[in-house]
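There are 2 protein chains.
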Amino acid sequence: MSKIRIGINGYGNLGKGVEKNISKYEDLELVAIFTRRDPESLKVLSNTPVVNIKDIENWKDKIDVMIMCGGSATDLPKQVPEMSKMFNTIDSFDTHAKIPEYFKTVNENAVNSNKTSIISIGWDPGMFSLLRLYDNCILPEGKTYTFWGKGVSQGHSDAIRRIDGVKNAIQYTIPIDEAINRVRNGENPELTTGEKHLRECFVVAEENADKTRIEKEIKTMPNYFDEYHTEVHFITEEKLKLSHSKMPHGGFVIHSGKTGENNHIIEYSLKLDSNPEFTSSVLLTFARAAYKMNKMGQVGAKTIFDIPPIMLSNKTSEEIIKQLL
Amino acid sequence: MSKIRIGINGYGNLGKGVEKNISKYEDLELVAIFTRRDPESLKVLSNTPVVNIKDIENWKDKIDVMIMCGGSATDLPKQVPEMSKMFNTIDSFDTHAKIPEYFKTVNENAVNSNKTSIISIGWDPGMFSLLRLYDNCILPEGKTYTFWGKGVSQGHSDAIRRIDGVKNAIQYTIPIDEAINRVRNGENPELTTGEKHLRECFVVAEENADKTRIEKEIKTMPNYFDEYHTEVHFITEEKLKLSHSKMPHGGFVIHSGKTGENNHIIEYSLKLDSNPEFTSSVLLTFARAAYKMNKMGQVGAKTIFDIPPIMLSNKTSEEIIKQLL
Chain A
-2 MSKIRIGING
8 YGNLGKGVEK
18 NISKYEDLEL
28 VAIFTRRDPE
38 SLKVLSNTPV
48 VNIKDIENWK
58 DKIDVMIMCG
68 GSATDLPKQV
78 PEMSKMFNTI
88 DSFDTHAKIP
98 EYFKTVNENA
108 VNSNKTSIIS
118 IGWDPGMFSL
128 LRLYDNCILP
138 EGKTYTFWGK
148 GVSQGHSDAI
158 RRIDGVKNAI
168 QYTIPIDEAI
178 NRVRNGENPE
188 LTTGEKHLRE
198 CFVVAEENAD
208 KTRIEKEIKT
218 MPNYFDEYHT
228 EVHFITEEKL
238 KLSHSKMPHG
248 GFVIHSGKTG
258 ENNHIIEYSL
268 KLDSNPEFTS
278 SVLLTFARAA
288 YKMNKMGQVG
298 AKTIFDIPPI
308 MLSNKTSEEI
318 IKQLL
Chain B
-2 MSKIRIGING
8 YGNLGKGVEK
18 NISKYEDLEL
28 VAIFTRRDPE
38 SLKVLSNTPV
48 VNIKDIENWK
58 DKIDVMIMCG
68 GSATDLPKQV
78 PEMSKMFNTI
88 DSFDTHAKIP
98 EYFKTVNENA
108 VNSNKTSIIS
118 IGWDPGMFSL
128 LRLYDNCILP
138 EGKTYTFWGK
148 GVSQGHSDAI
158 RRIDGVKNAI
168 QYTIPIDEAI
178 NRVRNGENPE
188 LTTGEKHLRE
198 CFVVAEENAD
208 KTRIEKEIKT
218 MPNYFDEYHT
228 EVHFITEEKL
238 KLSHSKMPHG
248 GFVIHSGKTG
258 ENNHIIEYSL
268 KLDSNPEFTS
278 SVLLTFARAA
288 YKMNKMGQVG
298 AKTIFDIPPI
308 MLSNKTSEEI
318 IKQLL
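Residue numbers (our numbering), protein chains in the order written: chain A, -2 to 322; chain B, -2 to 322.
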């Protein structure tokens, strides 16, 4: 049987994760890696051809699903609508507020080109969204809570790095145990963002920088830190590299709901050693679904809500019923 | 907008749960309750018409989805294939080993009658099966563990009740914390059934019965207890009624998987105050999907794996994307 031919578009942490993981999917094969950089300059892990993105049209008939590995801020909103004119695509666009508009644009292009584009796949948006849907449908009288972490927030780390006198920084978002336990106990509390998470910062200051000022600037930064309990630790560059270069993440979706007088708790949690590697695994799984749905004529933009779970597997319905039901 | 017309077939704990819960689903309405008993003798909670099952054919055009609330041992394997000739159905058939054969029979009848029959819905089989599928697809290099409890096992309670000198009994299946923690730590242990769960029994003995013999008979009972650590407590009938008449249950599906050298833990858990009420909520939710899929021409037997998650909601795709993605 011929394999599903996969392309990687963008070679950062996510693209590398896809490249590293694809061998675990026996029905998928990596055909090419596309980059905006000079292909010669790119050192990849496998011996996959590296192609400049300007030549991507030549690959129209050689790729079944293009896995879009750019960032949500500027890459994906530009690239995916273009790519969906030529390829089935899968992406992890995660700017929640802009998803409806993004969906519309991608959908128009994908419908016109008879392609299938699954958007906003990963763990949040992605698996967490899915659990929120199941939870709310099954226990409509209830409340859903999402907690994130412990994990690195790229946005918050960047915000610290922009402060004068900061050489480097890593910020961890940490869910507050007490809040989680109140939810698990069925108390249905009203929780502010600051009551759900705290923020721990590891900062490398420049020589002679005023640490007191830096700490104050972090803790009072509007939107990012001012509403949270924030801890700041100054450490050396070596220590930062040694102890904080992994990218762990995770979180919890907890639904507390009622039937009559009885209470029920549904909890889904992730504890990930590597956020980009796990996300790349989710993308690969849904790439399989994009291919299958396209074969069945289900074109246009799709979200995780539209995909029959069986489409994610390469096994037959009979095998799955026997092994997993 | 007209509502989806629901019938309840079988009025035990599950049927009562459906009746109690349906008001939470604004697009569903309960039309009739069907029973093998004398309808006059049945006291129901609402003022829904109660109909003898022999007259069910008259309701062919008055019910959109029939929720089958009988037991898996003898009721469902007989009733569902018959009902699927006349109605869209939903059931909680849970005899794992017999599901493939059951699926086949129901499928033939439902296809012939242009009906949609969703089988084996609930939490296990059901939501737990679904999580096992997502987990295994997303992290193919990994291992899935299912733990049940703390909860009442009807089968084990019945087995104790059949022992000479036993008046009444309740058996709780309890997952062993140490085993769960080893799985959560990513150790991927090989666990025997006895290492995963212990069994706690509350027994009411008849007057002058030999408690030592009863305890020994329980603990050495093949298949049911001999491979487990089993605790037996003798209590009074009053105490049993007072402290053990609720039907809590729950469990855990934990998947421990790898990408490269990195480990990831996905955990889904349920803590249910009432097993039948929660299950009835799941049945109601999937009844909505059965109706929608039938309207779209997707007939035959279906499992939880076949159902696009969006079918479970009565909201539009736009609303769901905005609120939950």
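All C-beta atoms, glycine included, are put in the ideal place defined by N, C-alpha and C.
Endpoints, the beta strand (DSSP E) within which residue i is located
i	result
residue 114/A	113 to 115
residue 79/A	Segment 72 to 80 is the alpha helix (DSSP H) holding residue 79/A; no beta strand (DSSP E) there.
residue 39/A	Residue 39/A -> no beta strand (DSSP E), and no H or E assigned at all.
residue 309/B	That residue, residue 309/B, is in no beta strand (DSSP E); it is neither H nor E in DSSP.
Alpha helix (DSSP H) segment containing residue i, residue limits
i	result
residue 348/B	Only positions -2 to 322 of chain B appear in the structure, and residue 348/B is not among them; the question remains open.
residue 102/A	96 to 110
residue 209/A	208 to 216
residue 68/B	Careful: residue 68/B lies outside any alpha helix (DSSP H) and carries neither H nor E.
residue 319/A	314 to 321
residue 297/B	Per DSSP, residue 297/B belongs to no alpha helix (DSSP H); it is in the beta strand (DSSP E), 297 to 299.
residue 240/A	234 to 240
Distance, residue j Cα to residue i Cα
i	j	result
residue 156/A	residue 221/A	8 Å
residue 93/B	residue 115/B	15 Å
residue 236/A	residue 207/A	20 Å
residue 234/A	residue 214/A	20 Å
residue 323/A	residue 287/A	Absent from the structure is residue 323/A, since the part of chain A shown begins at -2 and ends at 322.
residue 97/B	residue 317/A	10 Å
residue 99/A	residue 71/A	12 Å
residue 307/B	residue 289/B	10 Å
residue 47/A	residue 232/A	39 Å
residue 309/A	residue 283/A	6 Å
residue 200/A	residue 320/B	36 Å
residue 78/B	residue 117/A	40 Å
residue 224/A	residue 192/A	9 Å
residue 9/B	residue 67/B	7 Å
residue 150/A	residue 272/A	11 Å
residue 55/A	residue 49/A	11 Å
residue 202/A	residue 58/A	51 Å
residue 16/A	residue 197/B	49 Å
residue 226/A	residue 219/A	13 Å
residue 158/A	residue 34/A	25 Å
Sheet register partners of residue i (DSSP bridge)
i	result
residue 256/B	259/B
residue 188/A	Residue 188/A is not bridged to any residue.
residue 148/A	170/A
residue 63/A	4/A and 86/A
residue 47/B	30/B
residue 349/A	The question about residue 349/A has no answer here: the residues shown for chain A are numbered -2 through 322.
residue 268/A	247/A and 262/B
residue 201/A	165/A
residue 139/B	254/B
residue 14/B	Partner(s): none; residue 14/B has no beta bridge.
residue 123/A	120/A
residue 25/B	1/B
Cβ pair residue i, residue j closer than 7 Å
i	j	result
residue 195/A	residue 167/A	no
residue 126/B	residue 136/A	no
residue 268/A	residue 262/B	yes
residue 65/A	residue 45/A	no
residue 397/B	residue 81/B	Any answer about residue 397/B is impossible in this case: the structure gives chain B only from -2 up to 322.
residue 119/B	residue 276/B	yes
residue 171/B	residue 146/B	yes
residue 298/A	residue 62/A	no
residue 252/B	residue 132/B	yes
residue 296/B	residue 113/B	yes
Residue i CB to nearest heavy atom of the ligand MN below 6 Å
i	result
residue 155/B	With respect to the ligand MN, the structure shown offers nothing to examine, as it has no ligands at all.
Exercise for review: Determine contact between the region 137 to 146 of chain B and the region 176 to 187 of chain B, defined as no fewer than three beta-carbon pairs at a distance below 8 Å.
Suggested key: yes
Quick check: the region 0 to 8 of chain B against the region 240 to 258 of chain B, are there 3 or more CB pairs under 8 Å? no
Quiz item: Counting Cβ pairs, one atom from each stretch, are 3 or more of them under 8 Å apart for the region 301 to 312 of chain B and the region 33 to 53 of chain B?
Solution: no
With a cut-off of 8 Å, do at least 3 Cβ pairs link the region 241 to 257 of chain B to the region 227 to 244 of chain A? no
When the Cβ atoms of the region 274 to 282 of chain A are set against those of the region 10 to 25 of chain A, are three or more pairs found closer than 8 Å?
yes
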